[in-house]
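Listed in order, the protein sequences are those of chains A and B. Residues in the first sequence are numbered from 1 upward in steps of one, following the numbering used here. Residues in the second sequence are numbered from 323 upward in steps of one, following the numbering used here.
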Amino acid sequence: MTEALIEVEGLSVTFRSEHGHALRAVDDVSLEIAEGEVVGLVGESGCGKTTLASCIAGRLAPSTGVVRFDGRELEVSRTVEDRRAIQMVFQDPYSSLNPRMTVRHVLSELLKVHRLVPRSGIEARCRELMALVGLPTRALDGLPSQFSGGQRQRIAIARALTVEPRVIIADEPVSALDVSVQATILKLFEDLRSRLGLTVVFISHNLAVVRHLSDRVAVMYLGRIVEQGDREAVFGDPRHPYTRALLAAAPRLHQVELVRAVVKGEPPSPIDIPTGCPFHPRCPRSEEICTRQRPVLDQAGACPRHLAACHFRDETASRAEP
Amino acid sequence: MTPLLEVEDLVVEMRRHRVAFRAVDGVSFALERGGALAIVGESGCGKSLTLRAVMGLLPSGGRLSSGRVVVDGVALPVEARGRGRGHRQHRRMSIVFQDALSALSPVATVGNQIAEAPRHVLGLGRAESRERAIELLRLVGIPDPERRYHAYPHELSGGTRQRVMIAIALSSEPAILLCDEPTTALDVTIQTQILALLAELRRERGLSLVFVTHDLGVVSQVAENVAVMYTGRFVETGPTAEVLAAPRHPYTSGLLAAAPDVDRPEHEPVAIPGSLPDPLALPAGCRFHPRCRFATAECLTTDVRLQPVGPGRQSACLHSDVLAAAQAAVGHD
Numbered sequence: 001m002t003e004a005l006i007e008v009e010g011l012s013v014t015f016r017s018e019h020g021h022a023l024r025a026v027d028d029v030s031l032e033i034a035e036g037e038v039v040g041l042v043g044e045s046g047c048g049k050t051t052l053a054s055c056i057a058g059r060l061a062p063s064t065g066v067v068r069f070d071g072r073e074l075e076v077s078r079t080v081e082d083r084r085a086i087q088m089v090f091q092d093p094y095s096s097l098n099p100r101m102t103v104r105h106v107l108s109e110l111l112k113v114h115r116l117v118p119r120s121g122i123e124a125r126c127r128e129l130m131a132l133v134g135l136p137t138r139a140l141d142g143l144p145s146q147f148s149g150g151q152r153q154r155i156a157i158a159r160a161l162t163v164e165p166r167v168i169i170a171d172e173p174v175s176a177l178d179v180s181v182q183a184t185i186l187k188l189f190e191d192l193r194s195r196l197g198l199t200v201v202f203i204s205h206n207l208a209v210v211r212h213l214s215d216r217v218a219v220m221y222l223g224r225i226v227e228q229g230d231r232e233a234v235f236g237d238p239r240h241p242y243t244r245a246l247l248a249a250a251p252r253l254h255q256v257e258l259v260r261a262v263v264k265g266e267p268p269s270p271i272d273i274p275t276g277c278p279f280h281p282r283c284p285r286s287e288e289i290c291t292r293q294r295p296v297l298d299q300a301g302a303c304p305r306h307l308a309a310c311h312f313r314d315e316t317a318s319r320a321e322p
Numbered sequence: 323m324t325p326l327l328e329v330e331d332l333v334v335e336m337r338r339h340r341v342a343f344r345a346v347d348g349v350s351f352a353l354e355r356g357g358a359l360a361i362v363g364e365s366g367c368g369k370s371l372t373l374r375a376v377m378g379l380l381p382s383g384g385r386l387s388s389g390r391v392v393v394d395g396v397a398l399p400v401e402a403r404g405r406g407r408g409h410r411q412h413r414r415m416s417i418v419f420q421d422a423l424s425a426l427s428p429v430a431t432v433g434n435q436i437a438e439a440p441r442h443v444l445g446l447g448r449a450e451s452r453e454r455a456i457e458l459l460r461l462v463g464i465p466d467p468e469r470r471y472h473a474y475p476h477e478l479s480g481g482t483r484q485r486v487m488i489a490i491a492l493s494s495e496p497a498i499l500l501c502d503e504p505t506t507a508l509d510v511t512i513q514t515q516i517l518a519l520l521a522e523l524r525r526e527r528g529l530s531l532v533f534v535t536h537d538l539g540v541v542s543q544v545a546e547n548v549a550v551m552y553t554g555r556f557v558e559t560g561p562t563a564e565v566l567a568a569p570r571h572p573y574t575s576g577l578l579a580a581a582p583d584v585d586r587p588e589h590e591p592v593a594i595p596g597s598l599p600d601p602l603a604l605p606a607g608c609r610f611h612p613r614c615r616f617a618t619a620e621c622l623t624t625d626v627r628l629q630p631v632g633p634g635r636q637s638a639c640l641h642s643d644v645l646a647a648a649q650a651a652v653g654h655d
């Protein structure tokens, strides 16, 4: 494995609810991300994927654990350089763009503040950024409200790229877009990665999108990574029943019949996480051991990088199906 | 036998910058007893407005300028504002919205909200209505319904709220359930559960379904018939499996090619060129022609409407046979 660009180790985030309950949004997560890699982070609402991403981007201080970048431990209050290096792109570009600033204003201000190019070069750099995200130069004069959802997402990406980051963390960047627009933004991420060598953490609940784009995948449930590994290891030979359930439930164009709901019930409250394996109350494979002993995230299958947190991780899908 | 629901030439006008335009432009369909139709399309294509017009719940600013809605052989009175809800035939239909939280009252318990129709529409007594509400909560798969009866919407998860919405929709004993993206805001494992519930209701109660969605992946799970909508019109209709396997309109095949496939990571999603046209400046001729690779000179001038292209199938494309041949040549992708 190549040297990790980002190393997350033992990271936990605990929030206090108004009634004084402790809510573990992220629970002892460790993850390595290599330079130039696209890592997909999947899971359902409330699984902690956005909280984890916010910690990596330095927008949120973890309760415990560390984030290392390029071998250095990142402080809770980061230097300007470290913040520049890791940028975020959000689901809703409209609420993350200032409605009163033209695109040129947004980009040139960043270029000035960070002294990235000489003043005379600002206009040229703005044009270059527009070209990079596939927008015409005249888009620089527009206000966010004048653009469609897909164009706004391009502007948000251009803004993130302005400060020359090494890592982009994209939080559900295509979830609000129509399918034909979604395809263009996915293509843009692929282009940026091959042209700029960007490292991307791609958060999505859409498995088809993640499978298409990622080199490696981490599946989260109730604040923990329950399975991770190379894309084809995880999707082709899933070892955690939750991953299998997500795959089974993914919408498919040519579904012959109705999908049987494999997973019962709803995710429990993160304030009151079940004992043993947190997935056991919903799990079709659950046995007595699962109710009392929490499985560790350990190697599953042939590849040493394929990890799953299930007592039955050595079973393949066909054998595990009831 | 007459279809349960017939919609004929529905036209809904909306206004933008004081200019009226047809957001729904001549939509017709029929729904058999126990049948299901999915209406699929991208944002702004008019799919939700179609549903609201049928239900008599057009938003303010919307005008039903023409069209007939016939339920079980009885035509509903067409009221220009499209907000007539008095007719008893309207009670044969119920609607479920995407956003259950804003559709539910925040100040009433879910039980009371479900019991409302049995009490005031069906005329049951207080205790009976309550019994009925609990029965409905059980029917939609909510555990411990006696206790949940007293819950307020904010105390429930998104999936449970959507189940409550469905319970309310069923409380007036409708024959037709209109669903406006009911699973879009839900996680996939919960979406699967709700789709299974709808299938069960169809099977066991003979409920008919009109299901609006933007997600082609959901269509094949909910409905045996599909209508693809673009700029206020149906551009292709037919049996779901056939339409998705061999589309006869370039917009349908464009939508199919744009979606990533969870089973085929090597499939490169291909975007439809261009973007949705401004409804105030629709292209002449076929409205899809500026984005279409099959477009010829004829497409620029001919206003194409749905034509039969096979048993049970219709397409609004002059070159649907060329499209079919192209698919046969390259194999299905």
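Note that CB positions come from ideal geometry on N, CA and C, so glycine has one too. No experiment lies behind these values; they were computed from the predicted model shown.
No Cβ of chain A is located within less than 9 Å of the beta carbon of L332(B).
Interface flag for D191(A) against chain B is unset, since no Cβ pair is found closer than 9 Å. No Cβ of chain A is located within less than 9 Å of the beta carbon of D625(B). Check the Cα spacing between R469(B) and each of G481(B), G480(B) and A455(B): the tightest is with A455(B).
Rounded to the nearest whole angstrom, the C-alpha separation of G539(B) and R252(A) is 4 Å. For V584(B), there is no enclosing beta strand (DSSP E), since its DSSP letter is neither H nor E. For V592(B) against A183(A), the beta-carbon gap comes to about 6 Å, under 8 Å, which counts as contact. Listed in chain order, the positions of the region 240 to 268 of chain A with a beta carbon within less than 9 Å of a beta carbon of chain B are Y242, A245, L246, L247, A248, A249, A250, P251, R252, L253, H254, Q255, V256, E257, L258, V259, R260, A261, V262, V263, K264, G265, E266 and P267. Taking CB atoms only, V209(A) has a neighbour in chain B less than 9 Å away. At a cut-off of 9 Å, the C-beta of P561(B) has no neighbouring C-beta in chain A.
The three-state reading of DSSP puts Y221(A) in strand, counting E and B together. Taking the CA atoms as reference points, V346(B) sits about 30 Å from R154(A). Under the Cβ distance rule, Q543(B) counts among the residues neighbouring chain A, one pair being separated by less than 9 Å. Among the CB atoms of chain B, none fall inside 9 Å of the CB of A233(A).
Burial is judged here by how many other beta carbons sit within 10 angstroms of a residue's own beta carbon; G301(A) has at least 16 and is buried.
Between H589(B) and H205(A), the gap from beta carbon to beta carbon reaches 9 Å or more. Within 7 Å of the CB of Q515(B), the CB atoms of chain A belong to A261, in sequence order along the chain. For the options Q515(B), L499(B) and V432(B), the alpha carbon positioned closest to that of P475(B) is the one of V432(B). DSSP, reduced to helix, strand and coil, places I6(A) within a strand of the structure shown. Taken in chain order, the members of the region 146 to 179 of chain A whose beta-carbon sits within less than 7 Å of a beta-carbon on chain B are S148, D178 and V179. Burial state of H611(B) is buried, judged by a 10 Å Cβ sphere holding 16 or more other Cβ atoms. DSSP places T535(B) inside the beta strand (DSSP E), whose first and last residues are S530 to T535. Looking at the DSSP output, T14(A) bridges to R24(A). Of the other Cβ atoms in all chains shown, 16 or more fall within 10 Å of the Cβ of P278(A); this residue is therefore buried. Residue-level contact check: S96(A) does not touch chain B, since none of the beta carbons of chain B fall below 9 Å from its beta carbon.
Annotated as proximal: G223(A) and A25(A), with beta-carbon spacing under 9 Å. Non-local beta-carbon contacts of L111(A) in its own chain, meaning distances under 7 Å to residues more than five positions away in sequence, involve V117, I122, R125 and T162 in chain order.
Between F419(B) and D502(B) a beta carbon distance of about 5 Å is seen, short of the 8 Å cut, so the two are scored as contacting.
By the Cβ neighbour-count rule, Q87(A) is buried, with 16 or more other Cβ atoms within 10 Å of its own. Where V163(A) is concerned, there is no enclosing beta strand (DSSP E), because DSSP gives it neither an H nor an E.
For V181(A), the enclosing alpha helix (DSSP H) covers residues V179 to L196. Under the three-state reduction of DSSP output, M130(A) falls in the helix class. The Cβ atoms of G229(A) and R216(A) lie closer than 9 Å to each other. If you draw a straight line from the Cα of L520(B) to the Cα of L492(B), it comes to about 11 Å. Between the region 97 to 107 of chain A and the region 75 to 85 of chain A, the count of Cβ pairs shorter than 8 Å is below three; the stretches do not touch. Three or more beta-carbon pairs drawn from the region 336 to 351 of chain B and the region 597 to 611 of chain B are found closer than 8 Å, and the two stretches are therefore classed as touching.
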